[in-house]
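A.B. asks: The sequence shown begins at 1 in the UniProt record's numbering and counts up one residue at a time. By construction, the Cβ of each residue, glycine as well, lies at the ideal position given by its N, Cα and C atoms. Encoded as structure tokens, here's the structure I'll be asking about.
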Amino acid sequence: MSEIPSRQTACWIVNPGKDWKLDIRHDVEVKRPGPGEVLVRMECTGLCHSDCRNVLGMGEYTEIPGHEGVGKVVTVGLNVNEDLIGKRVGIKWLWTACRNCSSCSQGRANNCSKQGNTGRTCWGTLQQYAVADAAFVTHIPDGIASEVAAPLLCAGLSLAGAVSLVAPEVQPGQWVAIIGAGGGLGHIGVQIAARAKGYKVIAVDGGDDKKELCLRLGASEFVDYKKDNVVEKVKSMTDGEGAHAVIIVAGSERAYEQAPDLVRNCGVLVCVGLPRGDYHLPLSPIQIANRGLVIKGSSTGTEAQMSELLQWNMDGLVEPRIEVHEFGEAPAIIDKLTKDEVTGRMVVTIP
Ligand SMILES: [Zn+2]
Ligand SMILES: [Zn+2]
Numbered sequence: 001m002s003e004i005p006s007r008q009t010a011c012w013i014v015n016p017g018k019d020w021k022l023d024i025r026h027d028v029e030v031k032r033p034g035p036g037e038v039l040v041r042m043e044c045t046g047l048c049h050s051d052c053r054n055v056l057g058m059g060e061y062t063e064i065p066g067h068e069g070v071g072k073v074v075t076v077g078l079n080v081n082e083d084l085i086g087k088r089v090g091i092k093w094l095w096t097a098c099r100n101c102s103s104c105s106q107g108r109a110n111n112c113s114k115q116g117n118t119g120r121t122c123w124g125t126l127q128q129y130a131v132a133d134a135a136f137v138t139h140i141p142d143g144i145a146s147e148v149a150a151p152l153l154c155a156g157l158s159l160a161g162a163v164s165l166v167a168p169e170v171q172p173g174q175w176v177a178i179i180g181a182g183g184g185l186g187h188i189g190v191q192i193a194a195r196a197k198g199y200k201v202i203a204v205d206g207g208d209d210k211k212e213l214c215l216r217l218g219a220s221e222f223v224d225y226k227k228d229n230v231v232e233k234v235k236s237m238t239d240g241e242g243a244h245a246v247i248i249v250a251g252s253e254r255a256y257e258q259a260p261d262l263v264r265n266c267g268v269l270v271c272v273g274l275p276r277g278d279y280h281l282p283l284s285p286i287q288i289a290n291r292g293l294v295i296k297g298s299s300t301g302t303e304a305q306m307s308e309l310l311q312w313n314m315d316g317l318v319e320p321r322i323e324v325h326e327f328g329e330a331p332a333i334i335d336k337l338t339k340d341e342v343t344g345r346m347v348v349t350i351p
């Protein structure tokens, strides 16, 4: 194993807010793993729409963004099995959790109120050496390339979690509409819902590029919000009643305005995409009560869902569409993400 340096290259947020800048620095400290932690030499990381929140200062974040990275463990802290050294692992948004609360106790640490998050409570994956909690890294099977595994750690897991929530109300063969189906998260959701779970998917997004992608990945129908009357079109496909479930992946307010009109009575709305923090659902208790709507929230997914997703990838059911770029392009890619100009998932290699 090569020597671990004391300084490293990393992406560093300067001036978070509307005039944000992302510098590439070569003098960033390499942190050492504490008890229960490991140090990971990063190989690559996916860039997620929520990295925009870090640079735009939409909350308290650290200077280094990135939360879907893959690398090899190079050293371990106290109380960590040394067998982990040399193993390929993934670092996810869920950096750590309390392991005691009722969410943690039922295997849903992703909903723990005391969780720590990569890029939020500790430096993210856009650095050469990242410290991770040994109990929360994901082991990457040999059959999966690092660049493919990276987007599964956040984009993939978020949609595995979200699609799982349409059950038990919705059965295979019933309609699931996905708003924002052609983006970095949505296109993985289409595959999970259609191929792994057997739902009939109505993909809602804009443009022929996204239409072609969604239909190829298993969607039964595509509705183009730029051209079509989305509500009329979805109703015409679903006996006039609407979809059995609507998964709102797009983080736009418009998507949340539209979703209640796309779901049938007794149907399920799953909230995944994140509009600004003070935005509220446009639904009255009367509507929810009379229509018998079920509203669920999804924030990433469980470790069991992560394993299931990696297996689906090895079985050829779920394949993220990725573009691999060099590290130096990360600032430009995050800029594009803030403008919604990215189809599929961008992954950068770590130098
Ligand atoms: Zn993410
Ligand atoms: Zn907890």
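1. Taking only runs of the alpha helix (DSSP H) that begin and end inside the stretch 205-275, which ones reach a length of at least 4 residues, in chain order?
2. Relative to the C-alpha of Q258, which residue among G180, E212, H26 and R276 is closest?
3. Starting from the N-terminal end, write out each residue whose C-beta falls within a distance shorter than 5 Å of any non-hydrogen atom of ligand 1.
4. So for M42, helix, strand or coil by DSSP?
5. Can at least three beta-carbon pairs, one atom from the stretch 60-80 and one from the stretch 148-163, be found at a separation below 8 Å?
6. Buried or exposed for N111, please, with buried defined as at least 16 other CB atoms from any protein chain shown within 10 angstroms of its CB.
7. Using the Cα positions of G189 and A160, report the straight-line distance between them to the nearest angstrom.
8. Can you tell me whether R291 is helix, strand or coil according to DSSP?
9. Excluding the 5 residues flanking L185 on each side, which residues of the same chain have their C-beta closer than 6 Å to its C-beta?
10. Which residue from K211, G183, W175 and E212 puts its Cα closest to that of G198?
11. Look up A181 in the DSSP assignment and say whether it is helix, strand or coil.
12. DSSP three-state call for E29: helix, strand or coil?
13. Tell me whether A167 sits in a helix, a strand or coil according to DSSP, three-state version.
14. Whole angstroms is fine: what's the gap from E37's alpha carbon to G242's?
15. Pop quiz: E63 and I13 are said to be a contact at Cβ under 8 Å. What is the actual Cβ separation, rounded to whole angstroms?
16. Does the stretch 5-20 come into contact with the stretch 53-61, if we say contact requires no fewer than three beta-carbon pairs (one atom in each stretch) closer than 8 Å?
17. What residue range is occupied by the uninterrupted beta strand (DSSP E) comprising V190?
18. Relative to ligand 2, is the shortest distance from any of its heavy atoms to the C-beta of K114 smaller than 7 Å?
19. Name the residue from K72, C44, I286 and A167 whose alpha carbon lies nearest to the alpha carbon of V148.
20. Check K83 in the structure and name its three-state DSSP category.
21. The alpha helix (DSSP H) that contains residue 357, what's its start and end?
22. Starting from A330 and walking both ways along the alpha helix (DSSP H), at which residues does that stretch end?
23. Since C112 is in the beta strand (DSSP E), which residue starts that stretch and which ends it?
24. Rounded to a whole number of angstroms, what is the C-alpha to C-alpha distance between V76 and E253?
25. Run through DSSP, which three-state label would C52 get?
26. Under 7 Å: does the beta carbon of N110 sit that close to some heavy atom of ligand 2?
27. Short check: CB of W95 to CB of C122, under 8 Å?
28. Alpha carbon to alpha carbon, how far is I333 from I24?
29. On the criterion of 16 or more Cβ atoms from any shown chain inside 10 Å, does Q106 qualify as buried, or is it exposed?
30. Considering only the alpha carbon of each residue, which of V342, L274 and V30 lies closest to H187?
31. Excluding sequence positions up to five away, which residues of its chain have a Cβ less than 7 Å from the Cβ of G116?
32. Tell whether a beta-carbon distance below 8 Å holds between residue 352 and Q287.
33. Rounded to whole angstroms, what's the CA-CA distance from R120 to V204? Just pull it up for me.
34. In whole angstroms, what separates the C-alpha of L213 from that of I322?
35. What is the residue span of the alpha helix (DSSP H) that A304 lies within?
C.D. replies: So, to answer that:
1. 208-216, 230-237 and 253-262
2. G180
3. C48, S50 and C154
4. strand
5. yes
6. buried
7. 7 Å
8. helix
9. A155, S158, L159 and V249
10. W175
11. coil
12. strand
13. coil
14. 48 Å
15. 5 Å
16. yes
17. Premise fails: V190 lies in the alpha helix (DSSP H), G186 to Q191, not in any beta strand (DSSP E).
18. yes
19. C44
20. It should be noted that the sequence gives Asp, not Lys, for residue 83. Helix at D83.
21. Residue 357 is absent from the model: the chain starts at 1 and stops at 351.
22. A330 to T338
23. No beta strand (DSSP E) holds C112; DSSP gives it neither H nor E.
24. 44 Å
25. helix
26. no
27. yes
28. 14 Å
29. exposed
30. V342
31. W95, T96 and C122
32. Since the first residue of the chain shown is 1 and the last is 351, residue 352 is not available in this structure.
33. 31 Å
34. 12 Å
35. E303 to M314
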